[in-house]
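Note that my numbering gives residue 131 to position 136 of the sequence shown, counting from 1, and the numbers run on in steps of one. Positions of the beta carbon are idealized from the N, C-alpha and C atoms, including for glycine. Below is one structure; the comments refer to it alone.
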Amino acid sequence: MSDATTHTGPLRHFLQFRDLSKTEIQYVLDRARLIKSKFKRYEAHHTLHDRNLAMVFEKASTRTRVSFEAGMYQLGGSVIHLTTGDSQLGRSEPIEDTARVISRMVDLVMIRTFEQTRIERFAAHSRVPVINGLTNEFHPCQILADIFTFIEHRGPIEGKTVAWIGDANNMAYTWLQAAELLGFRLHVSAPTGYRLEAERIGQPSSSVLQEFSDPMEACQGAHLVTTDVWTSMGYEAENEERRKAFADWCVDADMMAVADPSAIFMHCLPAHRGEEVTGEVIDGPQSVVWDEAENRLHVQKALMEFLLLGQM
Ligand code: CP
Ligand code: NVA
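Structure representation (structure tokens):
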């Protein structure tokens, strides 16, 4: 652990999107733009020299693992990769004890796990910042990348409309937090039984959230149409039931046609062509999914810097 780890300000975590203020999100996005442009010019940017990130994966990952691991090395630091299976977490060591130990040895922790309460318990016993790399409830790093990608392609997201088509999952709840914080509209269409839960969302203003039974209506006039798998990790036992329930929630060319003419399509990936999205849409001209995936790298580098160094 480098001496420079000592925080001058209070310890900050990124467990939910709203853990950062609007100004801080804007700062991280601006910083990500600088970091991306340096990356594209092969210019070194070693602001986290000698810092160490521990990544704990209790679920599978491609993008999150590669973007955090590559990102930390690119910032001059290093990474330790742990999974449930190859650590004592898989042998019932309490998450609190794991947090106490890991956070004495590294500068920063990223966790992908199941319940949000599990990452909260970890963070409550951590001496270093903790980042949510996906839980059942939220996926804040992905939404940070999605908003960065929207701004790159279409300018400010404030006042725009995002259509979420499909499961009210970790991505949907995070979109809602972002809409409330950053001032854009969220249209959500999900089948009965898979909608946003009233007790979780409170009473968002109708200028922030509108729910639709018909996915075509949710797409009307949207500037961004986005979706995700019908079955998220951890819910595989419901797969067959979900395949039937979600059959009409497939983003296709007809849905894109009723969106705003400038509309773009995003998907956090991995995608199932022919289920939540057609191949025509995800591989078509309105899709920005590869930029979206790449931008995980740039925004997370900015986020790690911010959590360790504050605003520079
Ligand atoms: N979008 C995303 O988080 O992808 P991975 O599951 O591959 O990390
Ligand atoms: N909602 C999906 C996102 C995967 C990146 C899941 O939780 O499995």
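TODO: Kindly indicate which residue of Ala118, Gly161 and Arg107 has the alpha-carbon position closest to the one of Pro135.
DONE: Here residue 135 corresponds to residue number 140 of the sequence shown, with the count starting at 1. Comparing Cα-Cα distances from Pro135 to each of Ala118, Gly161 and Arg107, the minimum goes to Arg107.
Handout entry: Buried/exposed call for Leu6, threshold 16 Cβ in 10 Å
Key = Position 11 of the sequence shown, counted from the start, is the residue given in the question as residue 6. Result: exposed.
**Q.** Alpha-carbon to alpha-carbon, Ala297 and Arg276
**A.** Here residue 276 refers to the residue found at position 281 when the sequence shown is read from its first residue. Here residue 297 refers to the residue found at position 302 when the sequence shown is read from its first residue. Per the sequence shown, the amino acid found at residue 276 is Val instead of Arg. Roughly 30 Å between the two C-alpha positions.
Backbone secondary structure at Arg28 - three-state DSSP: What you label residue 28 is simply residue 33 of the sequence shown in a count that begins at 1. In the structure shown, Arg28 sits in a helix (DSSP, three-state: H, G or I).
Does DSSP put Thr78 in a helix, a strand or coil?
Position 83 of the sequence shown, counted from the first residue, corresponds to residue 78. Thr78 falls in the strand class under three-state DSSP.
Original post:
Do Asp141 and ligand 2 come close, with the Cβ less than 6 Å from some heavy atom?
Top reply: Taking the sequence shown and counting its residues from 1, the one referred to as residue 141 is at position 146. Asp141 Cβ: outside cutoff for every heavy atom of ligand 2.
Okay, do the segment 142 to 155 and the segment 252 to 264 touch, 3+ Cβ pairs below 8 Å being the bar? yes
Ala49 versus Leu103 - alpha carbon distance: As a working note, residue 49 is residue 54 in the sequence shown. As a working note, residue 103 is residue 108 in the sequence shown. So the two alpha carbons sit approximately 6 Å from each other.
Item checked: Check: Ser56 C-beta below 6 Å from any heavy atom of ligand 1 -> Your numbering for residue 56 matches position 61 in the sequence shown. Ser56 Cβ: within cutoff of ligand 1.
(message) Taking only three categories from DSSP, how would you classify Thr42?
(response) As a position in the sequence shown, residue 42 is number 47, starting the count at 1. Note: Thr42 maps to coil in three-state DSSP.
Tell me whether Gln306 sits in a helix, a strand or coil according to DSSP, three-state version.
Within the sequence shown, residue 306 is the residue found at index 311, counting from 1. Three-state DSSP puts Gln306 in coil, outside helix and strand.
Which of helix, strand or coil does DSSP assign to Glu175?
Counted from its first residue, the sequence shown places residue 175 at position 180. Here Glu175 sits in helix by DSSP.
Relative to the C-alpha of Gln172, which candidate in Leu139, Asp209, Lys239 and Thr222 has its C-alpha closest? Your numbering for residue 172 matches position 177 in the sequence shown. Of the listed residues, the one whose Cα sits closest to Gln172 is Leu139.
In the DSSP assignment, what are the bridge partners of Arg107?
-> Taking the sequence shown and counting its residues from 1, the one referred to as residue 107 is at position 112. Answer is Phe52, bridged to Arg107.
Counting beta carbon pairs with one atom in the segment 209 to 218 and one in the segment 241 to 253, are three or more of them shorter than 8 Å?
Three or more Cβ pairs closer than 8 Å define a contact, and the segment 241 to 253 meets that threshold against the segment 209 to 218.
**Asked** Going by Cα to Cα distance, which pick from Thr93, Asn131 and His44 is closest to Tyr230?
**Response** Locating residue 230 in the sequence shown gives position 235, counting from the first residue. It is Asn131 whose Cα lies nearest to the Cα of Tyr230.
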